[in-house]
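Visitor: Note that UniProt numbering numbers the sequence shown so that position 89 is 89, with each residue one more than the last.
The structure's right below; bear with me while I get my questions together.
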Amino acid sequence: MIYHINRVTMKATATPEQIEGVLESWRNQGRSNPAIKSFVVGRDHGGDYTYGAVFVVEHLDGLFAYLTHPTTYQTDHLGLHLVERLEIFDVSDDDDPDLNAKIQELHRRRNELNPQIAGMLADVPTYTGSGVDD
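Here you go:
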């Protein structure tokens with residue numbers, strides 16, 4: 001299993017309505033994407049972020065299906081311009097020693113397939129995560 005985790009802090013200029021729209025868009029991803037086996041969206045507790053979402057997929061193909069699903073792109077368009085800080089990472093129980101490199105490659109491939117989204121991610125003031133070149 002792969003747990004794909006997004007943590008965000010919104011810009012001070014983001015309205016409550018805009019924030020709820022982004023959270024609902026994340027929820028829609030979980031409900032509508034068949035690659036997602038379970039998900040949770042809500043407040044981030046115990047860290048420096050305000051909101052988070054966790055999407056569970058079974059394998060690398062499922063992760064790529066999540067990353068490239070229309071609802072994922074929809075959430076990107078709706079919310080990335082509202083984000084001050086973003087951290088994206090993946091946790092897995094797979095023992096493959098090359099899993100990290102494979103996950104990184106999926107994120108890079110997604111960004112190559114959709115340069116507009118890659119540009120939007122680059123515009124987030126503080127962004128760390130999978131597929132980000134150092």
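Here a beta-carbon is modelled for each residue, glycine too, at the ideal position from N, C-alpha and C.
Quantities reported herein were computed from a predicted structural model and do not represent experimental measurements.
Please give the ranges of any beta strand (DSSP E) in the region 53-109, keeping only runs that are unbroken, at least 3 residues long and fully inside the region.
Guide: Given a length threshold of 3 residues, each whole run of the beta strand (DSSP E) inside the region 53-109 is given here in chain order: 83-92.
Visitor: Output the boundary residues of the beta strand (DSSP E) element that contains Asn6.
Guide: As a position in the sequence shown, residue 6 is number 6, starting the count at 1. Unbroken beta strand (DSSP E) run through Asn6: Ile2 to Met10.
Visitor: Of the choices Ile103, Leu60, Asp44 and Leu106, whose alpha-carbon is the least far from that of Leu23?
Guide: Here residue 23 refers to the residue found at position 23 when the sequence shown is read from its first residue. When only C-alpha atoms are compared, the closest one is Asp44.
Visitor: If you drop the 5 nearest sequence neighbours on each side, which residues of the same chain put their C-beta closer than 8 Å to that of Thr71?
Guide: Reading the sequence shown from its first residue, position 71 is the one you call residue 71. Ser25, Asn28, Gln29, Ser32 and Asn33, listed in sequence order.
Visitor: Tell me the residue span of the beta strand (DSSP E) that contains Val40.
Guide: Residue numbering aside, residue 40 sits at position 40 when the sequence shown is read from its first letter. Ser38 to Arg43 is the extent of the beta strand (DSSP E) around Val40.
Visitor: Who are the near neighbours of Ile88 in its chain, counting only those whose CB is closer than 6 Å to its CB and skipping five residues on each side?
Guide: In the sequence shown, the residue the question calls residue 88 occupies position 88. Result list for Ile88: Asn6, Gly129 and Ser130, in chain order.
Visitor: What did DSSP end up calling Gly47 once you bin it into helix, strand or coil?
Guide: The residue given as residue 47 occupies position 47 in the sequence shown. Here DSSP, grouped into helix, strand and coil, assigns Gly47 to coil.
Visitor: Quick check: the Cα distance between Ile19 and Gly119, rounded to an integer number of angstroms?
Guide: The count along the sequence shown starts at 1 and reaches residue 19 at position 19. The count along the sequence shown starts at 1 and reaches residue 119 at position 119. About 21 Å.
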